[in-house]
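J.: Take 1 as the starting number for the sequence shown in the working numbering and just add one per residue.
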Amino acid sequence: MAQEVSGYKVSLSKSGVDVDITKRMSSVGVGLCTPTHLNVEVWTSSTMSDLRVYFNESYQVGNVGYYGLSGVYTTQKFVHDGMAATPPYFPDFWKHYKLSDDLINALSAVSFMANSKYYPPTEDFCPDGTMGCKDNCEKTEACTQRESMGEECLMLALMVPGYDQGYFQAVFANLGIPAYFCFLGYDGVNQFASDAATNGTPAVFYHYEPDLFHVTHKGLFTRVGLPRSDPARVKLATGDYGEHGFGNKTDNPVDVDYPSLPLLKFASSRVRDLPIGSLFTKLALSDTDINDLLTEYSIAMSDTAEPEPYFRAACNWVKANYDIWSDWQDRLPLCTFEDHIVSHVTGCENGSTVREIQFVWNVPNPGNTSLPYNCDGGVAVLPAAIATSRSCQWIADNSRIWSGWIDTKPECDSTFYNYNVSQCDSDAQRTVQYFWSLPSAQNLLFSTECSGGVTLPEDVKIDCEYMPTSSPTFAALAVLSVIVASLLLVAAFLVYKHRSAPIVKRSQFEMLELMIFGGFFTTGAAMAYAGQPSRLLCGIRPILVCMGFTTIFGALVMKSLRVYRVFMKSSMKRVKVTLFRILKMLAIFYVGDLVIFVGWYAADFPEPTVTTVEASEFRGTVDRMSCNSSSFISTALLIFWKAILLVLGLYLPFLIRNVSVEFQESPWIFGSVVVVLVGCLLIMPMSYLVQMPAATYYVFLASFPTERSGYNQFGELNKCALCEEQTQFAVRKVIFERGQCKCGNRDQFDQRD
């Protein structure tokens, strides 16, 4: 019961003498070595005074229900044989044990002691001198007198001296029955009696009920009738025998049969206030119940494959006797959702988008898990499982909310649907499409986890954060970039072809070619700034822009510097500024770019980064992909470095503004600077302050380097065309305000160069 009904783990302990029962429930002696908590069946006929010694740590729980009865037993066959004898004698009545010589001789002690199977016993149960014992046997005074006349005595087989100590010896002695009392132990008496029943041998022995022996040998034995039990006479029992030695008179006056004793239950004080204490208090078995339980145990014992016959017998009895043991349990509480039902969430471990809240009894019935085991009434049926799209963490934190969904579905709101944001289409837009987190299988427009409330919103179009390459706008700008690149290629070819022409030579065709080459960088940047950001695009975009800027404006600055060194010196010495020297000075700007880019990319590469931001077009968030570095320092250094180049590009043309148009490009440089400034003042604020569609922003961004490149190259070609018409005027005007030199022809610049 404790294990099967109340859930305790139970171990069995075979105790020794009865006086140690309560001692084992204490904190001293055997209570430290082999402590016990409960004892279901205690015979207290002569040990109650000893049990009370440890009542400070144990207590008497009450009666177990059935009664214990000790007595003298003989075989049914011996009774029938005695009745058929001449003269007849009756082994089931005590007077014949005193008066019938035939009965006494049939139970001869001499014959018993001659049988080595039973005597002497394998263990010394009663040492000589203890309770009048000699060779493990005691003897009545009547037997001593009978033997003195040369006659035999009968033999009553006993178990151990401590079982109903001295009681039946004193009864036989006070009734004048000539008898030996030999101690064979529990197993020895069982074997002796069983053999007698099997072989038909006369035998009389001590035993008690209830016991498994009487269940396994049902109908084979009968109790010998001693004088009717009288409580007043029973009370006279002293528990002693053999006070005056072997075969002498006893001072124990008891001379009536053993009474039926209510068997008691004892428990350790540790369990008094525990559920097992309550169960133990109410446990009660009738005589029929204990016989049924012993019968179950007998059946289980016959199965050699059964490892725990105790458990099997008890389990079978519990299953078959619910009406009996159900009254031992405290009244079960009403079943409630909070106390007796537990929830389990599935779908958290495998990445599923659907979670299911399943319900089980916290203590289910072993025979039917759909029923509770520790409550009765109230919530009688487990709630149906709840399918939900909520996260496992939300479910754990909001049990009060979703517990209301057991009876009624919640009203649909925005928390029950979700949305998908598509990839950028050819219109540079994304589609936000709404869907129920748990749609109905029959109609996707309805949800299975909610009802009523809001409906699904219409699809929403939002702008992309980058220009997709599938867009017609990109295709148009790509065509424009190709056209510009083609024009640049044609210009490069023409410049190279006419590199020996005086006007091209004076315009420093190497710088012209370099500027044209820079135009390829800028048109490439216009192409690179389209498409979804990737590690390659994020890395190449700033390189193309910076290299194009450095190449174009660097070439312009170097051209202006070369003109300045030749024409603006106050000294009239010959000045030679070689191409190699100019390229070395130009390399300074490239080296600056290189240092900044190497440091930037090594320490903080602009990775393609997805950032989740609040959407302005709909209620929700959207992932935006862009090229990001963790710091703005590298970008600021590049801007500062380009600003230096831009300032030089302004300052040097200003110094040479009065030099002939054949040799300087101040108007075109000023124009380019204005284009750059306008672009910076327009593009940069739009980048950081204005939210605009990706297509619009890309048009501004891509048109600026393409237009700048075309403007620079057109300026140079236009200048070459105009300068040829003004050649004569330009040569004559090579007179410096600070000097007196007069150059006779335009080849003088070539000679100085």
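No residue lacks a Cβ here, since even glycine has one placed at the ideal position from N, Cα and C. Note that the structure is predicted; figures quoted are calculated from it, not measured.
(1) Please report the straight-line C-alpha distance between C33 and V53, rounded to a whole angstrom.
(2) Can you tell which of G162, G219, R562, C143 has its C-alpha closest to the C-alpha of E74?
(3) Among the candidates L154, E513, N418, S534, whose CA atom is the shortest distance from the CA of V622?
(4) Hey, could you find the ends of the alpha helix (DSSP H) H214 is sitting in?
(5) Based on Cα-Cα distance, which residue from F266, V598, S414, G65 lies nearest to D20?
(6) Which residues mark the beginning and the end of the beta strand (DSSP E) in which C137 is found?
(7) Rounded to a whole number of angstroms, what is the C-alpha to C-alpha distance between T523 and L477?
(8) What alpha helix (DSSP H) runs, 4 residues minimum, are completely inside the region 135-213?
(9) Short check: CB of W328 to CB of D292, under 8 Å?
(10) Under the DSSP definition of a beta bridge, which residues are partnered with D463?
(11) For the alpha helix (DSSP H) containing W361, name the first residue and the last one.
(12) Mind listing, in chain order, the continuous beta strand (DSSP E) runs of no fewer than 3 residues lying wholly within the region 213-242?
(13) If you count every other CB in all the chains shown that lies within 10 Å of the CB of G599, and 16 or more means buried, which is it?
(14) Please report the straight-line C-alpha distance between V110 and E152, rounded to a whole angstrom.
(15) Determine the closest residue to S440 out of Q429, F549, D425, F416, with distance taken between C-alpha atoms.
(16) Provide the residue span of the beta strand (DSSP E) that contains A387, from first to last.
(17) In the DSSP assignment, find the unbroken beta strand (DSSP E) run with V647 in it and report its ends.
(18) So who's on the other strand from A267, going by DSSP bridges?
(19) V454 by DSSP, collapsed to three states: which one?
(20) In terms of alpha-carbon separation, which member of F549, H340, Y208, S631 lies closest to W361?
(21) For T437 versus R430, is the C-beta spacing smaller than 8 Å?
(22) Here's the rule: buried if 16 or more other CB atoms are within 10 angstroms of the residue's CB, otherwise exposed. What is F78?
(23) Using the three-state DSSP reduction, which class does T408 fall into: helix, strand or coil?
(24) Helix or strand or just coil, what does DSSP make of C392?
(25) Could you tell me which of T448, Y186, R233 sits nearest to L212, measuring between CA atoms?
(26) I'd like to know if the region 544-560 and the region 500-519 are in contact, where contact means that at least 3 CB-CB pairs between them fall below 8 Å.
(27) Taking 8 Å as the threshold, find out whether the region 179-194 comes into contact with the region 159-167 through three or more Cβ pairs.
(28) If you reduce the DSSP assignment to three classes, tell me which class S49 lands in.
(29) Does the region 170-178 come into contact with the region 91-100, if we say contact requires no fewer than three beta-carbon pairs (one atom in each stretch) closer than 8 Å?
(30) With a cut-off of 8 Å, do at least 3 Cβ pairs link the region 305-316 to the region 337-353?
(31) Assign I21 to one of three DSSP states: helix, strand, or coil.
(32) My guess is that E533 and S626 are in contact by the Cβ rule of under 8 Å, so how many angstroms apart are they, rounded?
(33) Tell me the rounded alpha-carbon separation between Y208 and T369.
(34) Taking the straight line between their C-alpha atoms, what separation do you get for D407 and A385?
(35) If distances are taken between C-alpha atoms only, which option among S634, G649, C375 comes closest to T550?
(36) Determine the DSSP secondary structure at W325, reduced to helix, strand or coil.
T.: According to the structure data:
(1) 18 Å
(2) The residue you asked about is not Glu; residue 74 is Thr in the sequence shown. Measuring from the Cα of T74, the nearest candidate turns out to be G219.
(3) N418
(4) 212-216
(5) F266
(6) 137-139
(7) 10 Å
(8) 141-148, 167-175, 185-199
(9) no
(10) Q429
(11) Unbroken run through W361 is the beta strand (DSSP E), 355-361; no alpha helix (DSSP H).
(12) 221-223
(13) exposed
(14) 7 Å
(15) F416
(16) 386-388
(17) Segment 633-655 is the alpha helix (DSSP H) holding V647; no beta strand (DSSP E) there.
(18) L38, Y59
(19) coil
(20) H340
(21) A small correction: the amino acid at residue 437 is Ser; Thr does not occupy that position in the sequence shown. No, the Cβ-Cβ distance between S437 and R430 is not below 8 Å.
(22) buried
(23) coil
(24) helix
(25) Y186
(26) yes
(27) yes
(28) helix
(29) yes
(30) no
(31) coil
(32) First, the amino acid is wrong: residue 533 is Pro here, not Glu. P533 to S626, Cβ: 6 Å. Contact.
(33) 43 Å
(34) 11 Å
(35) G649
(36) helix
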